[in-house]
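Just below is one structure, and these are the notes that go with it.
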């Protein structure tokens with residue numbers, strides 16, 4: 001059985017994603033760059049503050065990459081965690097690798113160090129914009145147990161391309177947040193099928209929020225990363241205007257739908273209820289037959 | 001938070017030449033173990049930071065059994081604990097030692 | 001002249017009173033309270049079907065809404081205290097006395113009410129004990145049961161969750177009792193007749209389908225490396241060595257890990273066809289890979305499991321199914337099968353003491369027993385031999401003529417040395433003793449008695465208690481696998497090593513198992529979705545277990 005992306009740790013993902021032995025870590029765990037805030041809350045720290053950053057090779061190409069560890073504090077952004085990501089992106093601007101990869105696995109900002117986390121989100125988006133303007137593709141990979149929520153969802157929206165698996169979810173407000181604010185009648189966070197068909201990889205792919213839907217294996221993510229690095233859209237006014245137009249058209253077309261399955265039906269999917277059970281290959285076949293799901297906006 | 005440091009003398013150095021390894025994740029019921037080959041060949045220290053207070057004697061026993069069984073001479077071992085059970089600690093320590101020996 | 005028909009006459013009067021609220025046998029759900037008030041008499045023994053899984057919840061709500069001035073002091077005799085309504089009736093005075101088996105989610109509230117004197121407790125039973133007493137001294141006057149559908153004549157289709165229903169109806173209907181069934185719908189023809197209509201007096205069309213708890217679904221994603229290590233030891237050190245073919249599993253993650261290792265680890269050891277072929281077991285989703293891999297020959301079930309219906313219906317060679325194709329379960333028969341026809345029971349527990357007594361109660365919960373004590377006991381009435389049973393009997397030794405020696409059921413406790421929140425599983429004294437004193441129970445609620453336990457498996461190793469020859473050896477064998485708990489650290493290391501030399505305590509390395517090989521990649525399925533794939537899309541997990 002091939003290594004499951006969902007089950008792998010951030011370090012296992014990095015090691016298996018890149019060309020064997022090519023990874024070189026920046027600010028590794030031996031430097032003990034840990035959160036200065038968590039001890040105040042009697043919370044344990046991690047030697048890498050929940051993110052692995054460094055450089056390596058992807059099928060020979062030079063890449064910089066960051067991988068969040070979704071099991072430590074839900075992969076959330078704290079001060080050190082955020083600084084490592086921002087620092088990596090700024091270094092990439094100077095060093096000009098062939099691409100940057102962000103392996104998202106995050107619930108958003110760490111509540112215990114929220115100001116630093118929020119700042120890091122903003123700085124990250126700025127740094128990604130700078131990289132894309134410099135012609136360096138930034139590809140996001142989403143398939144971890146924490147999904148990609150909160151500020152992570154915002155950052156994902158600024159990437160050149162996104163690949164997502166079944167286990168991955170992309171959103172800003174998470175299911176529990178929506179339920180807390182709007183009630184279980186609006187969104188029942190314990191109805192996992194509802195959560196996945198609203199925020200999961202297939203829905204994001206069908207509605208143009210992600211560019212590749214892949215199997216939950218490190219091999220599939222590697223293939224997706226290679227594919228997406230090679231077809232990043234330009235980052236110019238025309239792209240942004242196209243994205244604005246796409247989003248306006250999307251809300252006009254689907255704004256009254258009450259459930260993801262209604263959107264899929266309107267997209268022309270014959271058996272919307274059957275979508276969640278489709279394999280990645282069958283799902284690819286379905287997507288290929290639909291219009292408007294693949295685009296160069298963003 | 002509670003922290004401990006246990007110092008042990010070993011009969012031999014741990015095999016292998018790998019300078020550093022890390023295994024495990026700080027999560028509920030789990031822990032991370034960082035191993036660095038930076039000490040004299042007959043020394044081993046194990047540093048622990050844990051949010052669960054009152055289990056010092058259990059940690060001491062787990063560490064002593066690990067050292068007796070593995071003889072990890074030369075290693076500085078540091079643990080960030082997320083509330084792991086002793087058997088999980090033993091498992092991670094053994095995984096870490098195997099990584100330092102060069103794996104299989 | 002003696003009137004030999006007093007009960008029959010009373011029954012006729014109850015039914016006549018109930019008919020006023022029915023059309024034939026059929027009662028609208030709005031009329032449930034009137035029906036119950038008409039049929040029930042103060043002090044009645046009542047079985048309100050609360051099973052391990054399915055619940056006669058519409059009738060439970062109806063009973064709770066009855067006027068305590070009319071319906072009071074009932075004696076509830078039911079296996080499961082599962083819904084809040086099952087206890088509400090004791091607060092209002094509708095019910096007073098209780099005999100039951102299992103309470104699970106209501107365990108803490110029962111303890112409080114027993115302590116407060118709101119419930120007069122008869123006893124906490126095993127399932128078979130309670131069922132047996134239905135026919136001797138706890139025969140219900142009225143049974144309130146649940147089924148999927150019924151026709152107007154009362155012929156009842158229980159659906160795959162037949163569970164306790166035939167037993168309850170047998171005891172009630174044939175001893176002058178009244179049987180009221182709630183069904184999800186009234187139909188012209190039922191898919192199959194699980195209970196003939198002449199045993200059902202009233203049929204209530206419920207306001208909503210009866211509740212079923214998915215009690216036997218274990219998400220493979222939550223199986224830990226430690227549980228996998230223990231499962232490897234159990235398979236290699238017990239299943240393989242005793243050639244266990246006929247067995248029952250508990251519902252914990254440890255036994256789920258064993259099920260998921262059959263097509264991988266056990267297959268590699270060449271054990272297919274040699275172990276785990278014949279089961280008394282609910283349709284555990286985690287058994288699907290073993291079934292699909294050809295490990296399993298047949299499975300008889302106590303009840304069903306949510307989402308498994310289509311899969312079961314498509315595998316009639318494995319499961320017991322009716323003419324309609326759906327599962328037929330039966331708790332009483334399956335418990336009997338587990339007691340007499342299985343060579344091994346393996347399950348987990350919360351506490352084990354130095355002799356090997358185990359219990360799942362803590363000082364403020366009375367969770368009851370369910371089926372584990374029946375299946376986790378050595379049935380002295382057994383007479384048929386099997387290689388497994390005879391081997392265990394030889395190991396147990398004993399005095400007297402070897403030619404007259406009986407075999408032994410294997411009763412295995414699969415337990416991690418520490419539970420949630422670093423609570424030790426090994427203790428000097430069971431909390432059950434404390435609880436019994438606190439609420440005045442004559443018998444401490446022990447799940448499996450020490451003299452029935454044959455093996456204890458922990459992440460540290462296997463203790464074979466059959467081979468222990470005195471109480472001290474037994475205590476040191478238990479301490480020898482108790483890890484870093486206080487009990488474990490209190491071992492006599494020299495004695496434990498001596499037991500190890502005799503094979504009484506065995507470590508993973510003694511079994512040729514490397515703890516670092518205990519990896520999730522060994523699991524035949526690592527997620528609920530993998531189980532769906534194994535089932536060819538036939539398994540339909542409930543929404544709360546899905547992540548797609």
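Residue numbers (the UniProt record's numbering), protein chains in the order written: chain A, 1 to 298; chain B, 1 to 104; chain C, 1 to 548. Where is the CB? At the ideal position from N, CA and C, for every residue including glycine. Nothing here was measured: the structure is a model prediction, and the numbers come from that model.
Option nearest residue 267 of chain C by Cα separation, candidates C:398, C:239, C:42
C:239
Check whether the Cβ of residue 7 of chain A lies closer than 8 Å to any Cβ atom in chain C.
yes
Residue 104 of chain B, buried or exposed, once every other Cβ within 10 Å from all chains shown has been counted against 16
Confidence in residue 104 of chain B is poor, its pLDDT being 45 and thus under 50, which makes the residue's placement unreliable; the coordinate value appears in the next sentence. Under this definition residue 104 of chain B is an exposed residue.
Under 8 Å, do residue 182 of chain A and residue 544 of chain C count as touching if we go by C-beta distance?
no
Extent of the continuous beta strand (DSSP E) run through residue 58 of chain C
Run containing residue 58 of chain C: none in the beta strand (DSSP E); it sits in the alpha helix (DSSP H), 57-64.
For a cutoff of 8 Å on Cβ pairs, would you count residue 596 of chain C as touching chain B?
Any question about residue 596 of chain C goes unanswered here, given that chain C covers just 1 to 548.
Does the segment 271-279 of chain C come close enough to the segment 489-500 of chain C that 3 or more CB-CB pairs lie under 8 Å?
no
Could you tell me the distance, in whole angstroms, from the CA atom of residue 212 of chain A to the CA atom of residue 286 of chain C?
31 Å
Look up residue 47 of chain B in the DSSP assignment and give the residues it is bridged to.
B:5, B:78
In chain A, which residues lie less than 7 Å from residue 526 of chain C when you measure between Cβ atoms?
4, 7
With 8 Å set as the bound, which would you pick, yes or no: does the beta-carbon of residue 43 of chain A sit closer than that to a beta-carbon of chain B?
yes
Cα-Cα separation, residue 25 of chain C to residue 18 of chain C:
9 Å
For residue 186 of chain C, name the three-state secondary structure that DSSP assigns.
strand
Any idea what DSSP makes of residue 180 of chain C, helix, strand or coil?
strand
Taking only runs of the beta strand (DSSP E) that begin and end inside the segment 213-273 of chain C, which ones reach a length of at least 3 residues, in chain order?
246-249
What are the start and end residues of the beta strand (DSSP E) that includes residue 149 of chain C?
142-150
Please state whether DSSP places residue 42 of chain B in a helix, a strand or coil.
coil
Boundaries (first-last residue) of the beta strand (DSSP E) holding residue 347 of chain C:
344-347
Quick one: what's residue 102 of chain A bridged to in DSSP?
A:66, A:140
Determine the burial state of residue 111 of chain A: buried for a count of at least 16 other Cβ atoms within 10 Å of its Cβ, exposed for fewer.
exposed
Going by CA-CA distance only, name the one from C:509, C:85, C:173 that's closest to residue 211 of chain C.
C:85
So with Cβ pairs under 8 Å, would you call residue 70 of chain B a contact of chain C?
no
Can you list, in chain order, the stretches of the alpha helix (DSSP H) that have 4 or more residues and sit fully within the segment 277-329 of chain C?
288-292, 309-313
Taking DSSP's pairing of strands, which residues face residue 182 of chain A in a bridge?
According to DSSP, which records beta bridges pairwise, residue 182 of chain A is partnered with nothing at all.
Give the interface partners of residue 78 of chain B over in chain C, defined as CB-CB distance under 8 Å, in chain order.
Neighbours of residue 78 of chain B on chain C: none; closest Cβ ~20 Å, over 8 Å.
May I ask which residues mark the beginning and end of the beta strand (DSSP E) holding residue 212 of chain A?
212-214
If I follow the unbroken beta strand (DSSP E) through residue 464 of chain C, where does it start and stop?
461-464
Distance between residue 169 of chain C and residue 456 of chain C (C-alpha atoms, nearest Å):
39 Å
Check whether the Cβ of residue 25 of chain B lies closer than 8 Å to any Cβ atom in chain C.
no
For residue 159 of chain A, three-class secondary structure by DSSP
coil
Flag this pair as yes or no: are the beta carbons of residue 203 of chain C and residue 39 of chain C separated by less than 8 Å?
no
What is the DSSP secondary structure of residue 362 of chain C, counted as helix, strand or coil?
strand
Beta-carbon gap between residue 95 of chain A and residue 35 of chain A smaller than 8 Å
no
Candidates C:359, C:485, C:546, C:129: which alpha carbon is nearest residue 453 of chain C's?
C:359
So residue 22 of chain C is in the beta strand (DSSP E); what residue range does that whole segment cover?
Looking at the DSSP string, residue 22 of chain C is not in any beta strand (DSSP E), and its letter there is neither H nor E.
DSSP state of residue 126 of chain C mapped onto helix, strand, coil
strand
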